[in-house]
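Its first residue numbered 1, the sequence shown is counted upward by one per residue in full-length UniProt numbering. All C-beta atoms in this analysis are idealised placements derived from N, C-alpha and C, irrespective of residue type, glycine included. Remarks on the structure that follows.
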Amino acid sequence: MADDSARTQLGQEKKERNIVHVSSYGSIPDQLKSRIETVRFQIHDFVNLDCGSVFTDKFMAHGRLWELAVRPHTVLTKKGCNISVRIFGAGRNPTAYYKAVLRTKTITESTRAFNYEMEHFFFIKQEVIIRNECDAYGTLTIDVDLQVVTESPKKVWFPRSIKLRKDDLLIQLYNSVDITGDVAFTVGTMEFRAHKCVLALEAKALYKLIKSILVTADRFGCSNLKLYAESLLVTWLPTMNSAIELLIFADSYSCALLKEECMDAYSHNPTVVMKEDESSWTELQESSKLLSELLFYSTIEFHRRHNNNKNKTKEGGDDDDDDDDDRNAEQHEEKYLDVSTLRDRLQEADVDVDGSRKYLLNEYSKLIHEEFFAKDKNE
1 MADDSARTQL GQEKKERNIV HVSSYGSIPD QLKSRIETVR FQIHDFVNLD CGSVFTDKFM
61 AHGRLWELAV RPHTVLTKKG CNISVRIFGA GRNPTAYYKA VLRTKTITES TRAFNYEMEH
121 FFFIKQEVII RNECDAYGTL TIDVDLQVVT ESPKKVWFPR SIKLRKDDLL IQLYNSVDIT
181 GDVAFTVGTM EFRAHKCVLA LEAKALYKLI KSILVTADRF GCSNLKLYAE SLLVTWLPTM
241 NSAIELLIFA DSYSCALLKE ECMDAYSHNP TVVMKEDESS WTELQESSKL LSELLFYSTI
301 EFHRRHNNNK NKTKEGGDDD DDDDDDRNAE QHEEKYLDVS TLRDRLQEAD VDVDGSRKYL
361 LNEYSKLIHE EFFAKDKNE
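Next up, the structure:
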């Protein structure tokens with residue numbers, strides 16, 4: 001009776017307790033993300049499988065690379081043979097706090113909630129697998145559910161919302177980016193859409209980044225990457241107002257296409273180009289070699305346009321005159337070929353196209369002579 005009265009009194013004390021304040025010390029513990037990502041591994045004709053480990057392809061889950069391996073005959077015990085299912089990180093930074101749950105038709109096994117091992121083994125009796133887990137066609141299906149730990153969010157100060165004008169064009173573009181965006185950046189597993197025209201005019205950092213990529217590719221001999229970066233700079237040239245700066249840059253790294261485009265911009269409107277980039281023009285004047293090339297290109301470009309107009313006015317003329325013109329054109333063809341044409345023709349012959357215009361012309365001359373002698377020999 002005394003014990004019963006003591007319990008009654010203790011229950012009344014608990015009911016009367018009122019917590020009026022809670023203090024805590026230390027950071028909030030990490031928690032498992034609620035989202036579960038599952039990988040499925042199907043092993044056909046498992047009963048007759050006679051080999052070592054079989055592996056899945058590397059797969060991405062929660063932003064990390066993983067891999068599954070199943071070994072049919074692993075551990076022989078008194079009670080029979082076990083199979084092992086191994087899950088392990090396959091990326092550069094494989095470890096993470098995670099929880100893995102293995103599921104078959106009748107079996108569910110789990111790691112501890114905050115596992116940090118680079119790999120984990122599940123062991124299952126082979127007899128149970130063969131008897132209960134394979135389907136009518138002998139296929140064993142293994143599902144592994146993965147959860148990773150996410151750090152508790154920290155409270156970060158943000159400024160109060162600024163009232164923006166709804167008629168601001170940039171605000172309208174931002175609000176409609178899902179519909180009007182014409183370029184996308186992929187960062188990890190996230191995709192951010194944007195507008196090419198805004199990036200071309202405002203994102204100078206991207207322009208500098210492409211230049212850095214080109215320099216690095218040139219340093220380590222990555223020709224295709226260098227040529228691709230060069231072509232990107234050419235497409236952005238009309239919006240950069242820096243033809244002279246890029247001309248000096250292109251000359252330094254043997255970027256024939258970019259150099260030609262910069263010279264072309266100058267030859268079409270020299271006054272505007274010099275005024276837009278006065279500091280780079282002052283630097284260019286210190287190089288007599290580059291100035292001579294610029295003058296020479298402007299002369300060639302003038303003759304190229306002049307010859308094109310002349311050929312248009314002669315259409316329908318005397319056949320003999322046309323033959324003479326064709327012979328003269330072939331004789332001077334190399335001199336007037338642009339870099340794009342030179343690269344196309346050299347690429348068809350599997351010749352390296354990373355280099356200056358002088359290099360490209362030299363390689364093209366070799367190619368023409370080789371083709372000429374080969375043709376002459378066959379005849």
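I need the DSSP call for residue i, collapsed to helix, strand or coil.
{"i": "N241", "result": "coil"}
{"i": "E230", "result": "helix"}
{"i": "F220", "result": "coil"}
{"i": "R86", "result": "strand"}
{"i": "A205", "result": "helix"}
{"i": "L169", "result": "helix"}
{"i": "L65", "result": "strand"}
{"i": "D350", "result": "coil"}
{"i": "E286", "result": "coil"}
{"i": "H195", "result": "coil"}
{"i": "T38", "result": "strand"}
{"i": "H268", "result": "helix"}
{"i": "A256", "result": "helix"}
{"i": "residue 409", "result": "Missing from the structure shown is residue 409; the chain here goes from 1 to 379 and no further."}
{"i": "A184", "result": "strand"}
{"i": "H341", "result": "Just to set this straight, residue 341 is Thr in the shown sequence, not His. Three-state DSSP puts T341 in a helix."}
{"i": "A44", "result": "Going by the sequence as given, residue 44 is His instead of Ala. Coil, per DSSP."}
{"i": "C51", "result": "coil"}
{"i": "Y137", "result": "coil"}
{"i": "S97", "result": "This sequence places Tyr at residue 97; Ser is not what is there. In the structure shown, Y97 sits in coil (DSSP, three-state: anything other than H, G, I, E or B)."}
{"i": "R131", "result": "helix"}
So, is residue i buried or exposed, given that buried needs 16 or more other C-beta atoms within 10 angstroms?
{"i": "K310", "result": "Its pLDDT being 48, under 50, K310 is placed unreliably in this model, and the value from its coordinates should be taken loosely. Classification for K310: exposed."}
{"i": "P72", "result": "buried"}
{"i": "E260", "result": "buried"}
{"i": "S365", "result": "exposed"}
{"i": "L360", "result": "buried"}
{"i": "A265", "result": "buried"}
{"i": "L258", "result": "buried"}
{"i": "D277", "result": "buried"}
{"i": "N328", "result": "A caution first: N328 carries a pLDDT of 48, below 50, which makes its placement in the model unreliable, though a value can still be read off. Result: exposed."}
{"i": "Y98", "result": "buried"}
{"i": "R131", "result": "exposed"}
{"i": "V85", "result": "buried"}
{"i": "I129", "result": "buried"}
{"i": "L295", "result": "exposed"}
{"i": "T189", "result": "exposed"}
{"i": "T271", "result": "exposed"}
{"i": "Y343", "result": "Inspection of the sequence shows that residue 343 is occupied by Arg rather than by Tyr. Classification for R343: buried."}
Starting from the C-beta of residue i, find all residues in its chain whose C-beta is less than 6 Å away, skip the five residues before and the five after it, and write them out in chain order.
{"i": "W281", "result": "I244, M274"}
{"i": "A203", "result": "none"}
{"i": "E330", "result": "Reliability fails at E330, whose pLDDT of 47 lies under 50, so the model's placement of it is uncertain and the value that follows must be treated cautiously. So no residue of the chain qualifies."}
{"i": "L49", "result": "P72"}
{"i": "S356", "result": "S254, A256"}
{"i": "F185", "result": "F192"}
{"i": "K314", "result": "Reliability of the predicted coordinates at K314 is poor, the pLDDT of 48 falling under 50, and the value obtained from them is presented with this limitation in mind. Contacts found: none."}
Find the nearest neighbour of residue i within the set the options, judged by alpha-carbon distance.
{"i": "V353", "options": "L225, L102, E109", "result": "L225"}
{"i": "K358", "options": "E370, E293, H369", "result": "E293"}
{"i": "C285", "options": "L247, Y253, H268", "result": "According to the sequence shown, residue 285 is Gln rather than Cys. Q285 has its Cα closest to that of L247, out of L247, Y253, H268."}
{"i": "T141", "options": "F296, T106, D344", "result": "T106"}
{"i": "R103", "options": "F88, G89, F122", "result": "F122"}
{"i": "E191", "options": "L199, S254, V177", "result": "V177"}
{"i": "Y253", "options": "T235, L227, N241, W236", "result": "L227"}
{"i": "G63", "options": "V47, V85, N48, R35", "result": "R35"}
{"i": "H44", "options": "N18, G52, Y137", "result": "Y137"}
{"i": "N175", "options": "L342, L201, R193", "result": "R193"}
{"i": "D218", "options": "A250, P270, T235, E119", "result": "A250"}
{"i": "K208", "options": "E67, S223, L237", "result": "L237"}
{"i": "E230", "options": "I124, G221, V215, H120", "result": "V215"}
{"i": "N61", "options": "L295, S110, V148, I213", "result": "Just to set this straight, residue 61 is Ala in the shown sequence, not Asn. When each option's Cα is compared against that of A61, the closest is V148."}
{"i": "L201", "options": "R40, S242, T180", "result": "S242"}
{"i": "C255", "options": "T271, L232, V272", "result": "L232"}
Am I right that residue i and residue j are in contact with their C-beta atoms under 8 Å? What's the rounded C-beta distance?
{"i": "A100", "j": "L65", "result": "With a Cβ gap of about 15 Å, A100 and L65 do not count as contacting."}
{"i": "T108", "j": "Q42", "result": "With 8 Å as the limit, T108 and Q42 do not qualify as a contact, their Cβ atoms being about 18 Å apart."}
{"i": "I83", "j": "V70", "result": "7 Å"}
{"i": "T38", "j": "D135", "result": "Rounded, the Cβ-Cβ distance is 18 Å, inconsistent with contact."}
{"i": "E370", "j": "V351", "result": "That belief does not hold up - the Cβ atoms of E370 and V351 are roughly 11 Å apart, past 8 Å."}
{"i": "Y297", "j": "S340", "result": "That pair is no contact at about 15 Å."}
{"i": "L173", "j": "T180", "result": "6 Å"}
Can you list, in chain order, the residues of its chain with a C-beta nearer than 8 Å to that of residue i? Leave out the 5 residues immediately preceding and following it.
{"i": "Q347", "result": "V353"}
{"i": "S110", "result": "K99, A100, V101, L102"}
{"i": "H120", "result": "R86, I87, F88, A100, T111"}
{"i": "D338", "result": "E260"}
Leaving out five residues on either side along the sequence, give the residues of the same chain with a beta carbon under 7 Å from the beta carbon of residue i.
{"i": "D182", "result": "H195, K196"}
{"i": "L206", "result": "L199"}
{"i": "I368", "result": "none"}
{"i": "V234", "result": "L257, L258, E261"}
Under 7 Å from any heavy atom of the ligand PLP, does the C-beta of residue i make it?
{"i": "T271", "result": "Within the structure as shown, the ligand PLP is missing, as the structure has no ligands at all."}
Checking contacts by CB at 8 Å: is residue i closer than that to chain E?
{"i": "A69", "result": "Although the question refers to chain E, the structure presented lacks it and comprises just one protein chain."}
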